[in-house]
Amino acid sequence: MSITGIKGMNDILPEEIATWQFLEETARKIFATYGCQEIRVPVVEKTELFCRSIGETTDIVEKEMYTFNDKSDHSLTLRPEGTAPVMRSFIQHKLYNLDQVSKLYYMGPMFRYERPQKGRYRQFHQIGAEIIGIDDPRMDAQVLAMLSHYFEAVGLDDVSLQINSLGCPECRPAYRQTLIDFLQERMDQLCPDCQRRCSSNPLRVLDCKSKSCKEATVDAPSVLDHLCPSCDEHFATVQQRLNQLGTSYTINNRMVRGLDYYTKTTFEMVTNNLGAQNAVAAGGRYDGLVEELGGPALPGIGFAMGVERLVLLLQDKKIETPPPALFLATLGEEAELFAFKILNQLQREGIYAEMDFSGKSLKAQLRRADKLNCRYTIMIGENELATGSAQLKHMVDGEQQTIQLDGLLDGLRALLDDSAATSL
6 MSITGIKGMN
16 DILPEEIATW
26 QFLEETARKI
36 FATYGCQEIR
46 VPVVEKTELF
56 CRSIGETTDI
66 VEKEMYTFND
76 KSDHSLTLRP
86 EGTAPVMRSF
96 IQHKLYNLDQ
106 VSKLYYMGPM
116 FRYERPQKGR
126 YRQFHQIGAE
136 IIGIDDPRMD
146 AQVLAMLSHY
156 FEAVGLDDVS
166 LQINSLGCPE
176 CRPAYRQTLI
186 DFLQERMDQL
196 CPDCQRRCSS
206 NPLRVLDCKS
216 KSCKEATVDA
226 PSVLDHLCPS
236 CDEHFATVQQ
246 RLNQLGTSYT
256 INNRMVRGLD
266 YYTKTTFEMV
276 TNNLGAQNAV
286 AAGGRYDGLV
296 EELGGPALPG
306 IGFAMGVERL
316 VLLLQDKKIE
326 TPPPALFLAT
336 LGEEAELFAF
346 KILNQLQREG
356 IYAEMDFSGK
366 SLKAQLRRAD
376 KLNCRYTIMI
386 GENELATGSA
396 QLKHMVDGEQ
406 QTIQLDGLLD
416 GLRALLDDSA
426 ATSL
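Numbering (my numbering), first residue to last: 6 to 429.
Okay, structure coming up:
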């Protein structure tokens, strides 16, 4: 019996990888222009990290984490999200001593034990950013502008920004109690999960996808009506700055976050093209998280994007790996020796070229060049070596030209450079 992959943990095949690389490379380029630097953290952390940061009553900690004891009986967890590990590293290595503001980004796999479905898997990938050290609402607006810039750069114009405020430790407790009182009167209309959440994590009830819960909470009190003056001013300034930058958004006063550490500004990038899993990026401000994890009292704001969901949205864009610039088709041992050296020199200069290593006929080699979508094919045999020239075929229109073998590398280099410039 053959061994198959684990359900919900998917292979990323060569035919898909160009889209992944495009998304990752665009993130590196865009984020760098806003001053962000990449950080890489382990996929395994101490379980305590996620219990303290995410919250022990959240669904992630209660039901979704991959947790195990190692041979020293330490409880370890495959990271279910990226913010807590980045904060752990930020604190452990005292990155706050390097600059007043730390701008970090990351990308890589996360793990949650969930029922696999379209856009939601047990191993999934995120690209995220964390800005630590400043609580100015202008930074919130710039983070949102950076996120919008990224979506524009990858060509996703059917994604919209939604924002909300969750208040702070000063004003949220009163709203939380108001919401609990509201939910208690409608307990019999709530799903079993929300009945359980009602006292431990009542804000999550507003985010439930159950039809009965949506109907029961349609008139739920809005957190925006319970903000303290400081949070109200902060949220108003975020909106003012977004308007100034021309970054479009809508206010969604039912938006909450599934993690305990969020305060003030929260946001999502949503689409109508993925069914129930409509959020492709989400985040917010977490001003108490660094201190909660044992670091200094520094504010922060960040977000994460689901790469698999972005890939789904880009599936009609047909992002492909560039084909070989040149195929060297040979006939005879001497021609193969000559071409092999040229091939190696081209590849060392960063030019993608191919040739046959299986002894195929010249006709079969040309078929392979066509299958690989090579721009050019050069045919070299005994006659070509004897005359010192060969035929170079343009695979798009079939035109051929004679090219001298003496100085062949320089001739090919110039031809490929001109061809690349023409295609720009």
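For every residue, glycine included, the Cβ atom is placed at its ideal position computed from N, Cα and C.
Checklist entry - Taking the C-alpha atoms as reference points, what is the distance between I96 and G293? => result 13 Å
Checklist entry - Could you give the residue range of the beta strand (DSSP E) that holds R380? => result No beta strand (DSSP E) contains R380, which DSSP labels as neither H nor E.
Item to check | Simplified DSSP state of V285, which is helix, strand or coil | outcome: strand
Item to check | Closest residue to R45 among L315, D402, R93 and A334 (Cα-Cα distance) | outcome: R93
Next on the checklist: What does the alpha-carbon distance come out to for the pair Q320 and E30?
Outcome noted: 17 Å
Checklist entry - L171 and P207: beta carbons closer than 7 Å? => result no
Checklist entry - For L100, which residues from the same chain have a beta carbon less than 6 Å from its beta carbon, with the 5 sequence-adjacent residues on both sides left out? => result S107
Item to check | For A225, the three-state DSSP class (helix, strand or coil) | outcome: coil
Next on the checklist: Using 8 Å as the cut-off, can you tell me whether the segment 287-305 makes contact with the segment 253-273, which would need three or more C-beta pairs spanning the two stretches below that distance?
Outcome noted: yes
Checklist entry - From this set, D145, D104, F343 and V243, which residue's C-alpha is nearest Q42's C-alpha? => result D104
Checklist entry - Are the segment 80-90 and the segment 112-119 touching, with three or more C-beta to C-beta distances below 8 Å? => result yes
Checklist entry - When every heavy atom of the ligand FMN is checked, does at least one fall within less than 6 Å of the C-beta of L109? => result The model on display carries no ligand, and the ligand FMN is accordingly not part of it.
Checklist entry - What is the residue span of the beta strand (DSSP E) that A309 lies within? => result G305 to G311
Checklist entry - Leaving out the 5 sequence neighbours to the left and right, which residues in its chain are closer than 8 Å to P121 when beta-carbon positions are compared? => result K12, G13 and R127
Checklist entry - If you scan the segment 107-170 from start to end, which runs of the alpha helix (DSSP H) of 4 or more residues do you find wholly inside it? => result 142-158
Checklist entry - Beta carbon of A340, beta carbon of I408: below 7 Å? => result no
Checklist entry - Three-state secondary structure (DSSP) at E325? => result coil
Item to check | Which listed residue (H239, Q167 and A221) has its alpha carbon closest to that of A286 | outcome: Q167
Checklist entry - What residue does the alpha helix (DSSP H) around I408 start on, and which one ends it? => result Careful: I408 lies outside any alpha helix (DSSP H), inside the beta strand (DSSP E) at Q405 to Q409.
Next on the checklist: Does E50 come out as helix, strand or coil in the three-state DSSP assignment?
Outcome noted: strand
Item to check | Start and end residues, beta strand (DSSP E) containing F332 | outcome: L331 to T335
Checklist entry - Among the residues of its own chain, which have a CB less than 7 Å from the CB of K34, if the five just before and after it don't count? => result none
Item to check | Continuous beta strand (DSSP E) stretch holding N74: start and end | outcome: T72 to N74
Next on the checklist: Mapping the DSSP letters down to three states, classify I256 as helix, strand or coil.
Outcome noted: strand
Checklist entry - Quick one: what's got a C-beta closer than 8 Å to K51's C-beta in the same chain, skipping five residues either side? => result H79, S80, L81 and T82
Checklist entry - Any idea what DSSP makes of L103, helix, strand or coil? => result coil
Next on the checklist: Cutting at 6 Å between CB atoms, please list the residues of its own chain near C203, excluding the five before and the five after it.
Outcome noted: L188
Item to check | Spatially closest choice to F116 from K216, F156 and G311, by CA coordinates | outcome: G311
Checklist entry - According to DSSP, is H231 helix, strand or coil? => result helix
Next on the checklist: Considering Cα atoms alone, identify which of Q26, I59, E53 and T9 is closest to R262.
Outcome noted: I59
Next on the checklist: Please tell me whether M260 and V164 are closer than 7 Å, where the distance is taken between their beta carbons.
Outcome noted: no
Checklist entry - Is S215 helix, strand or coil by DSSP? => result coil
Checklist entry - DSSP three-state call for L413: helix, strand or coil? => result helix
Checklist entry - Excluding the five sequence neighbours on either side, which residues of its own chain have a C-beta within less than 6 Å of the C-beta of A344, listed in chain order? => result L333, T335, M360 and I385
Checklist entry - Could you give the C-beta distance for A419 and Y381, rounded to a whole number, given that I count them as a contact under 8 Å? => result With a Cβ gap of about 12 Å, A419 and Y381 do not count as contacting.
Checklist entry - Pairing CB atoms from the segment 242-249 with CB atoms from the segment 137-153, are three or more of them under 8 Å? => result yes
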